[in-house]
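Trainee: Structure below; questions to follow.
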Amino acid sequence: MKNSYEPLHRDFFMQSTIDLAQALLGCTLVKITNEGTAAGYIVETEAYMGPMDRAAHSHQNRRTKRTEIMFAEAGHVYTYLMHTHCLVNVVSSDKEKPEAVLIRAVEPVAGMELMFKRRGMTDIKNLTNGPGKLTKSLGISMEDYGRVLWEPPIFISNGISPHSISQGKRIGINNTGEAKDYPWRFWITENPFVSRHQIESKKPVI
DNA sequence: TGGATGATGGCCT
DNA sequence: GGCCATCATCCAA
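Take the first sequence: its letters are residues 228 to 433, numbered as in the numbering used here.
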């Protein structure tokens with residue numbers, strides 16, 4: 228395990244949301260707490276495109292206490308609660324443009340013991356292969372809401388270069404009309420830690 | 001102020 | 001695949 232990680236510069240986040248969603252693949256997501264450091268390579272992301280995207284919380288510029296941080300500068304942390312789980316997003320695009328990238332899965336890299344302890348299990352394949360699982364493993368919570376990702380205790384660092392990137396429909400947004408079919412999910416091809424290996428349509432898409 | 005909602009996960013059959 | 005725990009947030013009234 229590395230002793231320290233170097234955060235990427237804030238300029239890294241200044242690219243289009245679709246580009247950022249892919250650029251984040253292979254990067255290391257690091258969280259430091261008083262329990263220790265935990266980190267993972269980002270292997271799966273989804274882009275949420277703001278006002279025009281019915282699946283986005285910021286659809287039609289909906290601006291509430293929850294979505295407020297989506298309107299901030301790129302590189303802020305947008306965490307929110309889904310049932311009993313915390314999900315983490317990277318705010319993207321310009322100020323006042325509420326776009327974000329959801330981190331859906333990481334590959335464990337450092338702090339494995341701590342992650343297992345937090346999750347209360349020992350199966351590495353199920354440790355961080357989902358948006359709620361990775362936040363619990365890394366110790367990411369609502370306390371991280373509004374933090375910036377270019378300095379500790381939560382930040383993005385260099386990692387690996389994906390050999391190949393796959394693209395498909397986003398997951399879990401089946402009540403959002405056409406938006407459910409937009410191909411804004413990205414993952415490292417054949418990485419064993421992605422949340423789902425393929426999405427099948429039960430009915431043919433016309 | 002209350003009821004509906006959900007970018008999930010774990011357990012069940 | 002189905003069921004549902006469980007709770008902050010949101011919005012209608």
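Ideal Cβ placement from N, Cα and C applies to all residues, glycine included.
1. What's the call for R374, buried or exposed, on a 16-neighbour Cβ count within 10 Å?
2. What do you get for P389, buried or exposed, if any count of 16 or more other CB atoms within 10 angstroms of its CB means buried?
3. Checking the sheet assignment: what are the DSSP bridge partners for V315?
4. Rounding to the nearest angstrom, what Cα-Cα distance links S428 and R397 in this structure?
5. Is G378 buried or exposed, if buried means 16 or more other CB atoms sit within 10 Å of its CB?
6. Report the start-end ranges of each beta strand (DSSP E) in the segment 246-312 that is 3 residues or longer and not cut off at the edges.
7. Just verifying my parser: in three-state terms, what is the DSSP assignment at L365?
8. Please classify S231: is it buried, with 16 or more other beta-carbons within 10 angstroms of its beta-carbon, or exposed?
9. Count the other C-beta atoms from every protein chain shown that fall within 10 angstroms of the C-beta of K292, then say buried if there are 16 or more, exposed otherwise.
10. What number of angstroms, rounded off, separates the C-alpha of A305 from the C-alpha of H284?
11. Give me the Cβ distance between H312 and T362, rounded to the nearest whole Å; I'm assuming they're in contact under 8 Å.
12. Looking only at its chain, what residues have a beta carbon closer than 6 Å to the beta carbon of L499, apart from the 5 residues adjacent to it on each side?
Mentor: According to the structure shown:
1. Counting from 1 along the first sequence, the entry for residue 374 is found at position 147. Buried: at least 16 other Cβ atoms inside 10 Å.
2. In the first sequence, residue 389 corresponds to position 162, counting from 1. It is buried - the Cβ of P389 has at least 16 other Cβ atoms within 10 Å.
3. The sequence position of residue 315 within the first sequence is 88, counting from 1. V315 pairs with T306.
4. Counted from its first residue, the first sequence places residue 428 at position 201. Counted from its first residue, the first sequence places residue 397 at position 170. Annotation note: pLDDT 43 at S428 (below 50); position unreliable, coordinate value reported separately. Approximately 12 Å between the Cα atoms of the pair.
5. Position 151 of the first sequence, counting from 1, holds the residue named residue 378. Inspection of the sequence shows that residue 378 is occupied by Glu rather than by Gly. So E378 counts as exposed.
6. 255-260, 263-275 and 304-309
7. For this step, residue 365 is matched to residue 138 along the first sequence. Helix at L365.
8. If you number the first sequence from 1, residue 231 lands on position 4. It counts as exposed.
9. In the first sequence, counting from the first residue as 1, residue 292 sits at position 65. K292 should be labelled exposed.
10. Taking the first residue of the first sequence as 1, we reach residue 305 at position 78. Taking the first residue of the first sequence as 1, we reach residue 284 at position 57. The sequence shown places Tyr at residue 305, rather than the Ala named in the question. Distance between the alpha carbons of Y305 and H284 is about 11 Å.
11. Your numbering for residue 312 matches position 85 in the first sequence. Your numbering for residue 362 matches position 135 in the first sequence. That pair is a contact at about 7 Å.
12. Here the chain comprises residues numbered 228 to 433, so residue 499 is not present and cannot be evaluated.
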